[in-house]
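*Asks:* Heads up, this note's numbering is the position in the sequence shown plus 74, with the first residue counted as 1.
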Amino acid sequence: MDTDGKPDTHFVHPPRPRHAPSVEAAPAGAAFLDWLRTPRPEAAPGIWRFGHRPRPDEEPEVTPARQLVTGAVISFLVGWLVWSLLWNGYLGGWWLLPLWAMVPESWAEPHSIAAVVVVYAYYALVGGVILVAVARLGRWAELWRRFGPPAWRSRRPAEAVAPRSPDEDPARFAELRAAGSPEALAAADRLAADAAAGLMRDIDHARLTRAWQSVRAGRLPLTAFADAVLKDGAAACPHPSGARDLPVRTARHDLLTGQVRLGAAADDPRNPYAYRDAGVALAPDLLATSLVAVGPAGAGKTSALVRPLAESLTLHALAGRAAVVVVGADGAGLGAVDAYDVVVRIGDPHSPHDLDLYGGTTDPDEAAAVLAEALAGDVADPEGSAEGGRRPATVLGQLLGPFRAVHDRFPSVPELRALLDGDPEPLAALREALARDPAHASLVRELDARQRQAGRHGDTAPLLADRIALLDRPAFATFFDTTGRTRPFSLRALDHPVRVRVDLPRHGHAEAARILARLLLAQFAASVAVRRDRSLFACLVLDEAAGVVTPEAVRAVQRLRSVNAGVVLTLRTLDDVPRALRGPLLGSVGCRVALSGLTPWDGQDFAEVWGKEWTEARDVTDRQIVAETPAGKAVHALRRVITGRAPTARAVTVRQVERERWSASDLAHGVPPGHAVVSLTTAAGEHAPPLLTDLRA
Numbered sequence: 075m076d077t078d079g080k081p082d083t084h085f086v087h088p089p090r091p092r093h094a095p096s097v098e099a100a101p102a103g104a105a106f107l108d109w110l111r112t113p114r115p116e117a118a119p120g121i122w123r124f125g126h127r128p129r130p131d132e133e134p135e136v137t138p139a140r141q142l143v144t145g146a147v148i149s150f151l152v153g154w155l156v157w158s159l160l161w162n163g164y165l166g167g168w169w170l171l172p173l174w175a176m177v178p179e180s181w182a183e184p185h186s187i188a189a190v191v192v193v194y195a196y197y198a199l200v201g202g203v204i205l206v207a208v209a210r211l212g213r214w215a216e217l218w219r220r221f222g223p224p225a226w227r228s229r230r231p232a233e234a235v236a237p238r239s240p241d242e243d244p245a246r247f248a249e250l251r252a253a254g255s256p257e258a259l260a261a262a263d264r265l266a267a268d269a270a271a272g273l274m275r276d277i278d279h280a281r282l283t284r285a286w287q288s289v290r291a292g293r294l295p296l297t298a299f300a301d302a303v304l305k306d307g308a309a310a311c312p313h314p315s316g317a318r319d320l321p322v323r324t325a326r327h328d329l330l331t332g333q334v335r336l337g338a339a340a341d342d343p344r345n346p347y348a349y350r351d352a353g354v355a356l357a358p359d360l361l362a363t364s365l366v367a368v369g370p371a372g373a374g375k376t377s378a379l380v381r382p383l384a385e386s387l388t389l390h391a392l393a394g395r396a397a398v399v400v401v402g403a404d405g406a407g408l409g410a411v412d413a414y415d416v417v418v419r420i421g422d423p424h425s426p427h428d429l430d431l432y433g434g435t436t437d438p439d440e441a442a443a444v445l446a447e448a449l450a451g452d453v454a455d456p457e458g459s460a461e462g463g464r465r466p467a468t469v470l471g472q473l474l475g476p477f478r479a480v481h482d483r484f485p486s487v488p489e490l491r492a493l494l495d496g497d498p499e500p501l502a503a504l505r506e507a508l509a510r511d512p513a514h515a516s517l518v519r520e521l522d523a524r525q526r527q528a529g530r531h532g533d534t535a536p537l538l539a540d541r542i543a544l545l546d547r548p549a550f551a552t553f554f555d556t557t558g559r560t561r562p563f564s565l566r567a568l569d570h571p572v573r574v575r576v577d578l579p580r581h582g583h584a585e586a587a588r589i590l591a592r593l594l595l596a597q598f599a600a601s602v603a604v605r606r607d608r609s610l611f612a613c614l615v616l617d618e619a620a621g622v623v624t625p626e627a628v629r630a631v632q633r634l635r636s637v638n639a640g641v642v643l644t645l646r647t648l649d650d651v652p653r654a655l656r657g658p659l660l661g662s663v664g665c666r667v668a669l670s671g672l673t674p675w676d677g678q679d680f681a682e683v684w685g686k687e688w689t690e691a692r693d694v695t696d697r698q699i700v701a702e703t704p705a706g707k708a709v710h711a712l713r714r715v716i717t718g719r720a721p722t723a724r725a726v727t728v729r730q731v732e733r734e735r736w737s738a739s740d741l742a743h744g745v746p747p748g749h750a751v752v753s754l755t756t757a758a759g760e761h762a763p764p765l766l767t768d769l770r771a
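1) Residues bridged to W688 by DSSP?
2) Would you report the Cα separation of S564 and R251, rounded to the nearest angstrom?
3) Could you tell me whether the segment 573 to 588 touches the segment 406 to 415, where touching means 3 or more Cβ pairs closer than 8 Å?
4) Taking Cβ to Cβ, would you say A723 is nearer than 8 Å to R692?
5) Output the distance between the C-alpha atoms of T755 and C665, rounded to the nearest integer angstrom.
6) State buried or exposed for A271, treating a residue as buried only when at least 16 other CB atoms are found within 10 Å of its CB.
7) How far does the alpha helix (DSSP H) with T767 in it reach, from first residue to last?
8) Is it a yes or a no for the segment 469 to 481 touching the segment 438 to 448, going by three-plus beta-carbon pairs under 8 Å?
9) Could you tell me which uninterrupted beta strand (DSSP E) segments, each at least 3 residues in length, are contained entirely in the segment 576 to 649, listed from first to last along the chain?
10) Write down the C-beta distance between A396 and C613 rounded to the nearest angstrom, noting that I regard them as a contact closer than 8 Å.
11) Please work out which residues of its chain come closer than 7 Å, Cβ to Cβ, to A460, disregarding the five sequence neighbours upstream and downstream, and give them in chain order.
12) What number of angstroms, rounded off, separates the C-alpha of V156 from the C-alpha of G201?
13) Taking one C-beta from the segment 371 to 379 and one from the segment 410 to 428 each time, how about it: are there three or more such pairs within less than 8 Å?
14) Between the C-alpha atoms of G79 and Y432, what's the straight-line distance to the nearest angstrom?
15) Roughly how many whole angstroms lie between the Cα atoms of A285 and A446?
16) List in chain order: all unbroken alpha helix (DSSP H) runs of 4+ residues lying wholly within the segment 296 to 353.
17) Going straight from the alpha carbon of V143 to that of P223, what length do you get?
18) Name the residue from L330, T363, A762 and I542 whose alpha carbon lies nearest to the alpha carbon of R588.
19) With DSSP collapsed to three states, give me the class of E457.
20) For S255, collect the residues of the same chain with a Cβ closer than 8 Å to its Cβ; drop the 5 residues on either side in sequence, then sort them by chain order.
21) When the Cα atoms are used, what is the spatial distance from N345 to P314?
22) If I measure Cβ to Cβ from V303 and keep anything under 7 Å in the same chain, skipping five residues before and after, which residues do I get?
23) Whose C-alpha, out of L594, V667, D497 and L470, is nearest the C-alpha of G369?
24) Is R592 closer than 8 Å to G421 when the C-beta atoms are compared?
25) Which word fits P562, buried or exposed, when buried means at least 16 other C-beta atoms lie within 10 angstroms of its C-beta?
26) Tell me the residue span of the beta strand (DSSP E) that contains L365.
27) Pairs of beta-carbons, one from the segment 334 to 351 and one from the segment 746 to 765, closer than 8 Å: are there three or more?
28) Nearest to V480 by CA position, among L655, R350, L521 and L107, is which residue?
29) Which residue's Cα is closest to the Cα of E257: R275, A298 and G292?
30) Pick from V663, L389, A393 and A384: whose alpha carbon is nearest that of V401?
31) On the CB-based measure, 16 or more other CB atoms within 10 Å of its CB, does F221 come out buried or exposed?
32) What's the C-alpha gap between A393 and V572?
33) Below 8 Å on the Cβ atoms is my contact criterion, and I expect A603 with V637 to pass it. Report the Cβ-Cβ distance as a whole number of Å.
34) Using DSSP with H/G/I as helix, E/B as strand and the rest coil, what is V418?
35) For R573, which residues does DSSP report across the bridge?
36) Alpha carbon to alpha carbon, what distance is there between L648 and S486?
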């Protein structure tokens, strides 16, 4: 069931597990209320907002800790010395004259209670003045802020706070109450009761919030929403699979803001002060600009980046917010089978689903364009001309159109291979069937044109036949069926909050896996462009995108932002991308991740796209001081004995210079293991500078 309450027939769900999935990591009961009430202040892009404590944009002047502690101790000793001298009378009694000038003479009598009280009060006043002066001189207040209880509290995340009034309590569903209708008020009361009783989790809150947004947008009637809530409470408006959580969560998620935490920005001078020690997180508004991550094997692309993102997007799909397709090698650890609605294991005869080779379209031209990108996109003109990619699409169109007109379906892989090879028997049978119907005269001309062009110089049919032959293997004999014997999955289902995992056959079929990866990317770009409901975020996560980046793929990525969709691509090196496409690829995505172990030439591409910034350069010059007098020479000799170095005078010159944010050398040699440099951009155009991020924090 979608958010409008209608059954979903566009994709088939696997049987539900016998046992309810484990949801121990999801906040429930009192923990859910604390989670809901935890402050989430507005923050810069990429900052983990859950319990975040904002910091100033500029780093304040900070005295070195050793100097601060030393100054505090010395000022205390000076104050103690002054007080001892006054108390013991070593400085005379002059400091008591103001006291005796202000009190009556009768109070000065010996053993007078008034005299004792006044004298000790005066002592306390003088001691307080000395204490205040010493504290200001020794900067005790700064020492207290940096090392006292205020510093301990600032290191802890913000705790949940009780709302000041019932109307401000998020657990009372104020948005529903603001609608004012009896149905909305009744639904709010039921949901508030379920939240107080511990029956609601974060995924339920996110799903119901999405359903209420559908009500506000007019896609779901208020009465249907209210009836569902009054009947099922926190379990209302379920995902079509019926699942209310993932079997296991391995990352930290905040479904109220839609974020997943990747790590923490390092306390490094190269990071802006406002980001240091703050959590770094990704959300759909960032992924809508697409993401490219580059790092060698073992750098953490899958474990620290792809897996948390896939987990977050599947949670968003359960909440009715997103549709996700995760593509990777079989056994890459991209989540449990139960975490997905559709699992396609290409090359595995026991795969529960098949893959539609033509993306669910019935238009031969569209099918030809997508299939041509998959089969020959990597050999198109790298300079950006579309002519090289148009010829394969034309060849396929000349065959797919006539075949569909005769058989009311597209050809299977063996049939398409025979047509591309120019086998005279299937071509003659196809032409004979078309000739029987005068309405197919134009298709007969298409077929004749294909036969005339066959074998000529520049004909791409042999290349396409060689590429499609990689899919015409015994391992794929039960896949890509077009006769209806299998259950093919089509990316046209991205109109719905579906969770899909596609396992590619890497071992022994590497080239076939690249063709299929290009096919999925092309189908994804074509499908999301024609969606009816673009409020649903669609994302393709492609783990190991070597050989996938083509000129058409770069253009498709640039268009995704406008249709609320994005892709996540990981690469071991930018050498897997043609030289002419590296700059356009990094420029077309808004989020870029450079992991540790990057090569200098890969770092150079990142350094160029991140550009330069103005910064202060401080030049420090030490000049030896030459003493002119005997006394000065004696003092210099004493200082040399104590410090071990000659007295010098320091000159500091400050100037503005333009430097690279991260140089190729820094990216190659200055990123520690387990870290990455991450730059982010929201769909609205807000930027986060490149941040050195600890992915293990």
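Each residue gets a CB set at the ideal place from its N, CA and C atoms; glycine is no exception.
The structure displayed is predicted, hence computed values, not measured ones.
*Replies:* In short:
1) E732
2) 40 Å
3) Touching, yes.
4) no
5) 6 Å
6) Classification for A271: exposed.
7) No alpha helix (DSSP H) holds T767; the beta strand (DSSP E) holding it covers H761 to D768.
8) Contact between the segment 469 to 481 and the segment 438 to 448 is present: 3 or more CB-CB pairs across the two stretches fall below 8 Å.
9) 611 to 616 and 639 to 645
10) The distance from the Cβ of A396 to that of C613 is about 6 Å, consistent with a contact at the 8 Å cut-off.
11) A caution first: A460 carries a pLDDT of 43, below 50, which makes its placement in the model too unreliable to give a value.
12) 10 Å
13) no
14) The predicted position of G79 is uncertain, since its pLDDT is 38 and thus under 50; no value can be drawn from it.
15) 40 Å
16) 296 to 306
17) 16 Å
18) I542
19) Note that E457 has pLDDT 38, beneath the 50 cutoff, so the model's placement of it is unreliable and the number below is only indicative. E457: coil per DSSP, three-state reduction.
20) L296
21) 43 Å
22) A261, R264, L265 and A310
23) V667
24) no
25) buried
26) L365 to V368
27) yes
28) L521
29) A298
30) A384
31) exposed
32) 11 Å
33) 6 Å
34) strand
35) V398
36) For S486 and L648, the distance between alpha carbons rounds to 35 Å.
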